[in-house]
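Enquirer: According to UniProt numbering, the sequence shown holds residues 1 to 319 in order.
Here a beta-carbon is modelled for each residue, glycine too, at the ideal position from N, C-alpha and C.
Sharing a structure, written as structure tokens. Questions coming.
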Amino acid sequence: MENASVSTLLRGRWVDSYFEAILRSPEPHEKKYAATGDQRQQHRRRQLVSGDGEVEFADDDRWITVLISVVRIVACVVTMMATTIFWTVVMLVLFPWPYLRVRQGNLYGHFTGRLMMWILGNPIKIEGSEFSNTRAIYICNHASPLDIFLVMWLTPTGTVGIAKKEIIWYPMFGQLYVLANHLRIDRSNPAAAIESMKKVAQAIVKKNLSLIIFPEGTRSKTGRLLPFKKGFVHIALQSKLPIVPMVLTGTHLAWRKNSLRVRPAPLKIRYLPPIKTNDWEEKDINKYVEMVHDLYLQHLPQSQKPLVTEEKIPKGLSF
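In structure tokens form, the structure reads like this:
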């Protein structure tokens with residue numbers, strides 16, 4: 001799958017050096033301070049430590065830091081509204097050409113996702129980018145709103161998302177999602193979900209597209225990996241496309257659920273090598289789900305691994 005020159009520019013790794021220079025520039029709250037009680041009290045700083053004992057980042061709860069975070073979030077909202085309105089107009093002009101709308105939707109994602117991350121200012125590290133332009137089913141763990149911005153930015157041109165059919169009612173973004181020819185599924189009952197997955201597989205094969213999906217089916221409230229639902233395996237069985245796992249770490253610390261504050265946690269996105277699915281068989285669905293789940297367990301920090309009592313696969317039919 002060849003990317004358009006503009007898309008290549010927006011996702012090109014050679015441009016990343018410019019953005020990383022900005023994103024990684026030290027800010028006052030990221031400086032190292034001696035671990036004395038007086039200094040911690042003076043600056044009201046606390047070291048957030050992951051479960052494996054590694055310091056993730058130095059949090060800073062001073063009012064000025066909180067204010068800056070709120071300003072950044074407001075800037076993100078305003079910017080996203082502006083880009084969404086602009087690309088909605090573009091989509092309406094291109095309404096007779098579905099594939100062009102897919103590509104424009106990707107350009108919207110590459111531009112808006114990258115711009116959002118630049119505004120928020122978190123340090124970002126990308127690994128395994130050589131696997132990021134494969135025509136495939138991309139899957140990603142989901143623990144923060146930041147995950148949406150990252151997959152918008154980092155999935156290749158010619159990729160469509162999959163969401164519940166009710167997304168069309170989300171103001172502006174839902175309408176743009178539909179105009180961009182992304183896919184929707186009916187999750188109201190298992191039979192409808194199975195039929196939806198078959199239609200998704202047929203659509204991406206027929207139109208020569210890639211797919212991005214969150215296999216957990218929802219956002220983790222704690223950052224710990226949830227059990228994987230089976231939908232992505234059903235699509236792989238139908239389409240025979242390889243699966244490329246994207247492992248995200250740190251996003252749950254940067255922007256927590258129900259929070260209006262973005263913290264300066266470093267983020268890492270790691271693409272794992274494609275998993276071939278051309279010889280997969282339907283009778284082994286649970287085995288494939290568990291195998292892919294185990295790959296995430298191998299690459300996530302201890303603080304994002306599920307508790308030992310949690311199941312890897314939900315009981316019953318899950319999509």
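Need the endpoints of the alpha helix (DSSP H) that P190 sits in, please.
Expert: Against the sequence shown, residue 190 aligns to sequence position 190. P190 to K206 is the extent of the alpha helix (DSSP H) around P190.
Enquirer: Under 6 Å Cβ to Cβ from P155, same chain only, skipping five residues before and after it: list those, please.
Expert: By one-based count along the sequence shown, residue 155 stands at place 155. What sits at residue 155 in the sequence shown is Thr, not Pro. If we look at T155 and ignore the five residues flanking it on each side, its Cβ neighbours are Y138 and I212.
Enquirer: Answer yes or no: does any C-beta atom of chain B fall closer than 8 Å to that of Q238?
Expert: No chain B is present in this structure, which holds just one protein chain.
Enquirer: Would you report the Cα separation of P301 and M152, rounded to the nearest angstrom?
Expert: Within the sequence shown, the letter at position 301 stands for residue 301. Within the sequence shown, the letter at position 152 stands for residue 152. Each residue's alpha carbon lies about 24 Å from the other.
Enquirer: Taking three-plus beta-carbon pairs below 8 Å as touching, is the stretch 174-187 in contact with the stretch 238-253?
Expert: no
Enquirer: Using 8 Å as the cut-off, can you tell me whether the stretch 222-229 makes contact with the stretch 288-295, which would need three or more C-beta pairs spanning the two stretches below that distance?
Expert: With the rule of 3 Cβ pairs closer than 8 Å, the stretch 222-229 counts as touching the stretch 288-295.
Enquirer: Measuring CB to CB, does L209 end up less than 8 Å from G158?
Expert: Taking the first residue of the sequence shown as position 1, residue 209 is located at position 209. Taking the first residue of the sequence shown as position 1, residue 158 is located at position 158. Yes. Within cutoff.
Enquirer: Check each candidate in Q304, I235, K305 and H182 and name the one with the smallest Cα separation from K165.
Expert: For the purposes of this step, residue 165 is taken as residue 165 along the sequence shown, with counting starting at 1. Looking at the Cα atoms, H182 is the closest of the given residues.
Enquirer: Just confirm the distance between the C-beta atoms of G113 and R72, as a whole number of angstroms; I'd bet it's less than 8 Å.
Expert: Residue numbering aside, residue 113 sits at position 113 when the sequence shown is read from its first letter. Residue numbering aside, residue 72 sits at position 72 when the sequence shown is read from its first letter. Contact annotation, G113 with R72: C-beta distance approximately 15 Å; criterion of less than 8 Å not satisfied.
Enquirer: Check the DSSP bridge columns for M246 and list the partner residues they point to.
Expert: The count along the sequence shown starts at 1 and reaches residue 246 at position 246. C140 and Y271, per the DSSP bridge assignment.
Enquirer: If S239 sits next to V205, beta carbons under 8 Å apart, how far is it from one beta carbon to the other, in whole angstroms?
Expert: The residue labelled residue 239 in the question sits at position 239 within the sequence shown. The residue labelled residue 205 in the question sits at position 205 within the sequence shown. So it is a contact: roughly 5 Å between Cβ atoms.
Enquirer: What's the call for A82, buried or exposed, on a 16-neighbour Cβ count within 10 Å?
Expert: Position 82 of the sequence shown, counted from the start, is the residue given in the question as residue 82. The residue is exposed, with fewer than 16 neighbouring Cβ atoms inside 10 Å.
Enquirer: Please go through the same chain and pick out, in chain order, the residues whose beta-carbon is closer than 8 Å to the beta-carbon of E282, but skip the five residues on each side of it.
Expert: One-based indexing of the sequence shown puts residue 282 at position 282. Here the set comprises L237.
Enquirer: From the DSSP output, in three-state form, read off K164 for me.
Expert: Residue mapping note: residue 164 aligns to position 164 of the sequence shown, counting from 1. Strand, per DSSP.
Enquirer: If you compare alpha carbons, which of H299, N278, P306 and K305 is closest to A136?
Expert: Within the sequence shown, the letter at position 136 stands for residue 136. It is N278.
Enquirer: Comparing alpha-carbon positions, which option in M116, V90 and P96 lies nearest G105?
Expert: Within the sequence shown, numbered from 1, the residue matching residue 105 stands at position 105. That would be V90, whose Cα lies nearest to the Cα of G105.
Enquirer: What's the gap between the Cα of D61 and the Cα of P273?
Expert: Walking along the sequence shown from the start, residue 61 turns up at place 61. Walking along the sequence shown from the start, residue 273 turns up at place 273. Spanning the two alpha carbons is a distance of roughly 39 Å.
Enquirer: From R256 to A75, what does the alpha carbon distance come to, in whole angstroms?
Expert: Taking the first residue of the sequence shown as 1, we reach residue 256 at position 256. Taking the first residue of the sequence shown as 1, we reach residue 75 at position 75. Going by the C-alpha atoms only, they are around 18 Å apart.
Enquirer: Put T65 into one of helix, strand or coil per three-state DSSP.
Expert: For the purposes of this step, residue 65 is taken as residue 65 along the sequence shown, with counting starting at 1. In the structure shown, T65 adopts helical secondary structure according to DSSP, grouped into three states.
Enquirer: Can you tell me whether DSSP reads L211 as helix, strand or coil?
Expert: The count along the sequence shown starts at 1 and reaches residue 211 at position 211. It is a strand residue.
Enquirer: Alpha helix (DSSP H) containing E290: first to last residue?
Expert: Indexing the sequence shown from 1 puts residue 290 at position 290. That run of the alpha helix (DSSP H) goes I285 to H299.
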